[in-house]
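Here the structure comes first, spelled out in C-alpha cells, and everything after it is commentary.
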Amino acid sequence: MGRRRRRSSRVGVSAFLAAFLLLQLGLAAAQNASPWLTLSGNAPAIIAKGGFSGLFPDSSSNAYTFVSFSSSNDTTLWCDVQLTKDGIGICVPDVNLDNCTDIGFVYPQNKTAYVVNGVNTTGWFSVDYNMNDLSPVSLKQPIYSRTFRFDSLAFPILPVDLLGTQINHSSLWLNVQHNAFYMQHNLSMRNFLLSEVRRIVVDYVSSPEVAFLSGIAPRLRSTKTKLIFHFLDKSILEPSTNQTYGLLLSNLTFIKTFASGILVPKNYIWPVTTDNYLLPSTSIVMDAHKAGLEIYAADFANDNILSFNYSYDPLAEYLRFFDNRVFSVDGVVTDSPITPSEAIGCFSQLNQSSVDHGKPLIISHNGASGDYADCTDLAYQKAIDDGADVIDCPVQVTQDGHLICMSSVDLLDDTTVTKSQFSSQFSNIPQLKNTPGIFTFNLTWNQIQKNLKPIISQPFSAYGIVRNPRYKNSGAFLSLADFLTFARDKPLSGVLILIEHAAFMAQRLSFSVVDSVIAALNDAGYNKTTLDVMIQSSDSAVLVRFKQLTNYKLVYQIEKSIRHAVNSSVADIRTFANAVALDKQSIYPSTLLFTTGETGLVSQFQAAGLDVYAYVLCNEFVSQPWDFLSDATVEINAYVVGAGVDGIITDFPGTARRYKRNSCRNLGSNAPNYMQPIQAGQLLTLMTPSSLPPALSPIPPLTVSDVVEPPLPSASRSVAPGASPSSLNPSSGQRNVVSLSVSLLMACGFLLV
C-alpha cells in the first residue's frame with residue numbers, strides 16, 4: 001500500500017506538472033494568436049470605479065447605470081465595500097463617510113474619531129450606523145473639481161446585494177480596503193463576502209491585506225471569483241506581513257499562492273519624473289505574467305493631470321498601457337470607462353502610416369500649439385508629424401515690412417519681449433487692443449529673431465494646467481516665406497493664412513497685407529503646386545479682395561458666438577467665402593459647462609454650399625462641457641458625427657488624426673455606444689429643477705450688417721517677403737512715400753518709451 005501511495009503521489013505530481021506545462025503552453029499559444037499581450041490573450045478588462053464616477057457621485061445608482069449607456073458592454077462595476085453596524089455591506093468609496101455623503105448634515109452631532117491603518121481619523125464611519133440609520137443619507141461628489149449638480153438627486157447608499165442583483169452589469173468587483181479596521185469593531189468582512197458570493201456572482205475581490213486574501217482563498221478556490229492583491233504606495237507597510245508593498249513586489253511567487261492577479265497604481269508601470277514626464281516603463285507587467293498573475297492598473301481618471309507626454313489626451317494614456325507592442329495590462333480601474341472602451345474597441349492596432357485628407361479636415365491652430373509655442377518651427381513640425389491636413393500661419397508685419405507667422409500682433413502675448421531691451425516700447429492703439437502692447441511692427445524682423453524667444457500658450461493656467469513646461473520657450477519664429485518653403489514638400493493638403501487688422505495696416509502703416517501675401521505665395525511657387533491655399537479672416541473685405549485677385553479657398557471666421565443666422569447673412573457670406581469657421585459655442589452652446597442643445601447652424605451653412613470648420617478644440621478637460629466626459633475624442637466625435645462639421649481647428653492635431661484612423665469610424669448607426677455622438681442637453685434632463693444652471697441669455701442672430709465691411713483702404717506699398725529694409729524707400733523717379741517706420745510713429749504718436 002505504501003509503495004502504491006508513493007507511486008500514486010509521483011503520478012499526481014507528474015500529472016500536475018504536465019497540466020501546468022500545458023496551461024503555460026496554452027497561454028503562450030493564446031497570446032501568440034491574439035493581438036493582445038495580456039496574460040490570457042483576451043482584450044483588457046475595464047473596471048468602472050464606483051460606476052461612472054468621473055461625472056456622477058461615486059457608487060451612486062446613476063454612476064452605475066450610466067456605464068451601460070456610455071461604455072463597453074463587458075465593463076465591470078467596482079464597489080468599495082464598507083460594513084455597517086449591523087454587518088451589511090455597502091458601496092461607499094471612503095471609510096470616512098463625511099467625504100462622500102451628506103452624513104454630516106443628517107447627523108451633525110455624531111462626529112467620532114478612530115484609528116484607521118494607524119492614522120487618527122475624525123469623521124463619520126459606517127460602523128456607527130445600521131442600514132436603517134443610513135437611509136436618509138445621500139451620496140455626493142467627493143472630488144470638488146467635478147460638478148456638484150447631481151448631488152441634489154439624493155442618491156441613496158447602495159447595499160452590495162442590490163448592486164449585484166438590480167443594476168445591469170456584466171461582472172462585479174468588490175474592493176475591501178479596510179478589513180483590519182472592521183475586525184477591530186467586531187465586524188467580519190470575511191463572513192460577509194463568503195455569504196455574498198453564495199447569493200450573487202462576484203467576479204473579483206481585491207484587498208491590500210495579505211492575511212485577508214489568504215484567509216478566504218481556500219473557500220473561494222472552487223468559485224469563479226478571482227482574488228486580486230491590491231498594492232498601495234511602495235513605502236507603506238502591509239499590516240499582516242509588516243513588509244512594505246515595495247518589498248512584496250519583489251516576491252510575486254508568494255502573491256501567486258493566494259491570488260490570481262495584482263492591482264497596482266499606474267505609476268508602478270509607467271513612472272514619471274518630478275516634473276511629470278514619463279520615465280521608461282518598468283518590468284512589472286512582464287514579471288507578473290511570468291509569475292502567472294494578471295495585472296491591473298489603477299488611478300485612471302480623465303480629469304487627472306496626466307503626464308505631459310500624453311498632451312492632455314486620456315485616450316493616449318490608455319493606449320500606452322494597452323497597445324505599446326511590448327506588453328498589455330490585463331485591465332484598468334477607471335473613473336471614466338468610456339475612454340478605455342474607445343481605446344480597446346476602436347483605437348488599438350491602428351495603421352499609423354495611413355494618410356487621409358478627407359473629412360474632417362484637420363487644421364492646426366498656430367501649429368501644434370498644445371505642445372510647443374505658437375507658430376514656431378517645432379509647433380509646425382509637430383503638427384505635420386501628428387497628421388494635420390492643413391497648417392496655419394497668422395500673419396503679422398514687422399517694422400521693416402516682413403510678414404511673419406505669429407498668433408498675436410502684440411508681442412506680449414507670445415514672446416519674451418518684456419525681458420528684452422525692448423520692454424519699454426509700449427504703444428496704446430485702441431483699434432488693436434484695449435490695453436498697451438508692444439506690437440510686431442514696433443520691431444524689425446532681425447530684432448525679433450535675435451532678441452526674443454517664444455512663450456508657449458497657456459490658455460488654462462487659471463486652473464493650474466500648463467503646457468509642456470520643459471519646452472515652453474523652445475522653437476524658432478518663422479517668416480511667411482520660411483513657412484511657405486517649409487510646408488511645400490510636406491504631406492499636407494494645404495496651408496491656411498490668417499489675416500486680421502488688414503484695414504489698420506493699410507490705413508495707418510500704408511501696407512497692403514493682401515498684395516504682400518499673394519506675392520509671397522507666388523514667390524514660393526504656390527501657383528504651381530497641388531497644395532491648397534486657404535485664406536481666413538473675420539474681415540469680409542479681406543476675403544472680397546482675395547476673391548477679386550485669386551482662386552484661393554476663402555474662410556470667413558465668425559468671431560462672436562451666435563445661435564442663428566438670418567438667411568440673407570448666409571447668402572452674403574456665400575458671395576465671398578467658400579467656408580465659415582464657427583466658434584464651438586455657436587454649434588453646441590453651453591451654460592456653466594453643460595450643453596443646452598445644438599443650434600443647427602452647421603446644416604444651415606452647408607445647405608448654402610459653405611463648408612463649416614469648428615474652432616478651437618483643445619485636449620484639456622477644462623475646455624470641454626461635462627457632456628463630453630472629459631475626453632477630447634468624445635468632443636471631436638460630437639462635432640464630426642453629431643453636428644457634421646467639415647473640419648476642426650485644433651491645438652492638438654495628433655488627437656484629431658488618430659480619430660480619423662479609428663476602426664469604428666465608418667460603422668454609422670452600428671457603431672458601439674461609446675462611439676455614438678452625445679445628445680446635446682441630455683445631462684440637463686438628469687438634474688432637479690433647483691440644480692439646473694442658469695438659462696442662456698438671448699443672443700441676436702447674425703445679420704448682413706454683422707458681415708458687410710467697408711472696402712480695404714488703399715495702401716501705398718506691399719513688401720515682398722525677404723525684402724530688405726532699404727526696399728521700403730522709393731526708388732528714384734517715384735513719388736515720395738513716408739517710410740513704414742515713420743508711418744508707425746504717426747499711428748502711435750502717443751508711443752510710450
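Following my numbering, the numbering of the sequence shown begins with 1 at its first residue and continues without gaps. The beta carbon of each residue, even a glycine, is placed where N, CA and C say it ideally should be. In this text, all values refer to a predicted model and were calculated from it rather than measured experimentally.
**Request:** Check whether the Cβ atoms of Pro625 and Phe594 sit closer than 8 Å, and answer yes or no.
**Result:** Within the sequence shown, residue 625 is the residue found at index 625, counting from 1. Within the sequence shown, residue 594 is the residue found at index 594, counting from 1. A distance below 8 Å separates the beta carbons of Pro625 and Phe594.
**Item:** Simplified DSSP assignment, three categories, for Val742
**Value:** Sequence index remark: in the sequence shown, residue 742 carries index 742 (1-based). Low confidence applies here, because Val742 scores a pLDDT of 34, under 50, leaving its location unreliable; read the following figure in that light. Judged by DSSP in its simplified three-state form, Val742 adopts helix.
**Prompt:** In angstroms, rounded to a whole number, what distance separates the CA positions of Trp36 and Phe56?
**Reply:** Residue mapping note: residue 36 aligns to position 36 of the sequence shown, counting from 1. Residue mapping note: residue 56 aligns to position 56 of the sequence shown, counting from 1. Roughly 31 Å separates the two Cα atoms.
**Asked** Taking just the CA atoms, how far does Val566 sit from Ser705?
**Response** The residue given as residue 705 occupies position 705 in the sequence shown. The residue given as residue 566 occupies position 566 in the sequence shown. Rounded to the nearest angstrom, the two C-alpha atoms are 11 Å apart.
**Item:** Residue from Ile465, Ile404, Asp133 and Trp124 whose Cα sits closest to the Cα of Lys111
**Value:** The residue you call residue 111 lines up with position 111 of the sequence shown. Closest by alpha carbon: Trp124.
**Prompt:** If you draw a straight line from the alpha carbon of Asp287 to that of Gly261, how long is it in whole angstroms?
**Reply:** In the sequence shown, residue 287 corresponds to position 287, counting from 1. In the sequence shown, residue 261 corresponds to position 261, counting from 1. Cα to Cα, Asp287 sits roughly 12 Å from Gly261.
**Asked** Does the region 492-499 touch the region 389-405, meaning 3 or more C-beta pairs lie closer than 8 Å?
**Response** Under the 8 Å Cβ criterion, the region 389-405 counts as touching the region 492-499, having at least three qualifying pairs.
**Message:** Using DSSP's beta-bridge definition, name the partner residues of Pro265.
**Reply:** Taking the sequence shown and counting its residues from 1, one reaches residue 265 at position 265. According to DSSP, Pro265 bridges with Ala298.
**Request:** Kindly list the residues whose CB is nearer than 7 Å to the CB of Gly609, restricted to its own chain and excluding five residues on each side of it in sequence; keep chain order.
**Result:** Start at 1 with the first residue of the sequence shown, and residue 609 comes out as number 609. Cβ neighbours of Gly609 beyond the five flanking positions: Arg574.
**Request:** Return the CA-CA distance between Asn324 and Tyr613, expressed in angstroms with no decimal places.
**Result:** Residue 324 sits at position 324 when you count from the first residue of the sequence shown. Residue 613 sits at position 613 when you count from the first residue of the sequence shown. Cα to Cα, Asn324 sits roughly 33 Å from Tyr613.
**Message:** Tell me the residue span of the beta strand (DSSP E) that contains His230.
**Reply:** Along the sequence shown, read from residue 1 onward, the residue named residue 230 stands at position 230. Lys226 to His230 is the extent of the beta strand (DSSP E) around His230.
**Message:** According to DSSP, Trp173 sits in a beta bridge with which residue or residues?
**Reply:** In the sequence shown, counting from the first residue as 1, residue 173 sits at position 173. According to DSSP, which records beta bridges pairwise, Trp173 is partnered with Trp78 and Tyr204.
**Asked** Taking all protein chains shown into account, do 16 or more other C-beta atoms lie within 10 angstroms of the C-beta of Ser207, making it buried, or fewer, making it exposed?
**Response** Mapped onto the sequence shown, residue 207 falls at position 207. Result: buried.
**Item:** Candidates Val708, Ser568, Ser60 and Ala211, of which the one nearest Thr101 by Cα
**Value:** Mapped onto the sequence shown, residue 101 falls at position 101. Measuring from the Cα of Thr101, the nearest candidate turns out to be Ser60.
**Message:** Within 10 Å of its beta-carbon, does Tyr556 have 16 or more other beta-carbons around it, so buried, or fewer, so exposed?
**Reply:** By 1-based counting over the sequence shown, the position of residue 556 is 556. Sixteen is the threshold: when 16 or more other Cβ atoms of the shown chains lie within 10 Å of the Cβ of Tyr556, as they do, the residue is buried.
**Prompt:** Terminal residues of the continuous alpha helix (DSSP H) containing Asn179?
**Reply:** Your numbering for residue 179 matches position 179 in the sequence shown. Residues Asn179 to Gln184.
**Message:** Taking the alpha-carbon of Leu252 as reference, which of Glu635, Glu294 and Asn366 has the nearest alpha-carbon?
**Reply:** One-based indexing of the sequence shown puts residue 252 at position 252. Comparing Cα positions, the closest option is Glu294.
**Request:** Would you check if the distance between the CB atom of Leu712 and the CB atom of Ile562 is smaller than 8 Å?
**Result:** Reading the sequence shown from its first residue, position 712 is the one you call residue 712. Reading the sequence shown from its first residue, position 562 is the one you call residue 562. Going by C-beta atoms, Leu712 is not nearer than 8 Å to Ile562.
**Request:** May I ask you to list the residues that DSSP assigns as paired with Leu592?
**Result:** For the purposes of this step, residue 592 is taken as the residue at position 592 of the sequence shown. In the DSSP output, where bridge partners are listed per residue, Leu592 has none listed.
**Asked** Roughly how many angstroms separate the alpha carbons of Ala524 and Val409, rounded to a whole number?
**Response** Here the question's residue 524 lines up with position 524 in the sequence shown. Here the question's residue 409 lines up with position 409 in the sequence shown. If I take the Cα positions, the gap works out to 24 Å.
**Prompt:** What do you get for Phe322, buried or exposed, if any count of 16 or more other CB atoms within 10 angstroms of its CB means buried?
**Reply:** For the purposes of this step, residue 322 is taken as residue 322 along the sequence shown, with counting starting at 1. Buried, by the Cβ-count rule.
**Asked** Closest by CA to Ser40, which one among Leu174, Tyr245, Ala301 and Asp330?
**Response** Taking the sequence shown and counting its residues from 1, the one referred to as residue 40 is at position 40. It is Asp330.
**Reference Leu543; option with closest CA among Ser630, Ala519, Val708 and Gly475** = Here residue 543 is taken as the residue at index 543 of the sequence shown, counted from 1. The option with the nearest alpha carbon to Leu543 is Val708.
**Check: Ser206 C-beta below 7 Å from any heavy atom of the ligand NAP** = Although the ligand NAP was asked about, the structure shown includes no ligands whatsoever.
**Message:** Taking its Cβ as the centre, do 16 or more other Cβ atoms sit within 10 Å of Leu23, making it buried, or is it exposed?
**Reply:** Here residue 23 refers to the residue found at position 23 of the sequence shown. Confidence in Leu23 is poor, its pLDDT being 45 and thus under 50, which makes the residue's placement unreliable; the coordinate value appears in the next sentence. Looking at its Cβ environment, which holds fewer than 16 other Cβ atoms inside 10 Å, Leu23 is exposed.
**Item:** the region 212-221 contacting the region 84-94, beta-carbon criterion three pairs below 8 Å
**Value:** Output reads no: the region 84-94 does not touch the region 212-221.
**Three or more C-beta pairs below 8 Å linking the region 194-203 and the region 232-242** = No, they do not touch.
**Message:** Taking the alpha carbon of Gln82 as the reference point, which residue from Thr75, Ser70 and Val95 has its own alpha carbon closest?
**Reply:** Locating residue 82 in the sequence shown gives position 82, counting from the first residue. Closest option to Gln82, Cα to Cα, is Val95.
**Prompt:** Do you know whose CA, among Asn191, Ile305, Pro44 and Thr596, lies nearest Ser630's CA?
**Reply:** Within the sequence shown, residue 630 is the residue found at index 630, counting from 1. Minimum Cα distance to Ser630 is reached at Ile305.
**Assigned secondary structure, Leu365 (DSSP; H/G/I helix, E/B strand, else coil)** = In the sequence shown, the residue the question calls residue 365 occupies position 365. Note on residue identity: the sequence assigns His, not Leu, to residue 365. Note: His365 maps to strand in three-state DSSP.
**Asked** Ends of the beta strand (DSSP E) at Pro394?
**Response** Reading the sequence shown from its first residue, position 394 is the one you call residue 394. Looking at the DSSP string, the run of the beta strand (DSSP E) that includes Pro394 is Val390 to Val397.
**Item:** Straight-line gap, Pro454 to Thr376 (C-alpha atoms, nearest Å)
**Value:** Here residue 454 refers to the residue found at position 454 when the sequence shown is read from its first residue. Here residue 376 refers to the residue found at position 376 when the sequence shown is read from its first residue. Answer to the nearest angstrom: the Cα atoms are 8 Å apart.
**Prompt:** Can you name the residues that DSSP bridges to Asp532?
**Reply:** Working through the sequence shown from its first residue, we reach residue 532 at position 532. Beta-bridge pairing links Asp532 to Gly494.
**Asked** Ala63 to Leu582, Cα distance in whole Å?
**Response** By 1-based counting over the sequence shown, the position of residue 63 is 63. By 1-based counting over the sequence shown, the position of residue 582 is 582. Using only the alpha carbons, I get a separation of about 34 Å.
**Prompt:** Distance, Cα to Cα, Arg146 vs Phe300?
**Reply:** As a first step, residue 146 must be located in the sequence shown, where it is residue number 146. As a first step, residue 300 must be located in the sequence shown, where it is residue number 300. About 15 Å.
**Message:** Which residue wins for smallest C-alpha separation from Gly765, given the options Leu315, Ser138, Leu232 and Lys528?
**Reply:** For residue 765 there is no data in the structure shown, the boundaries of the chain being 1 and 753.
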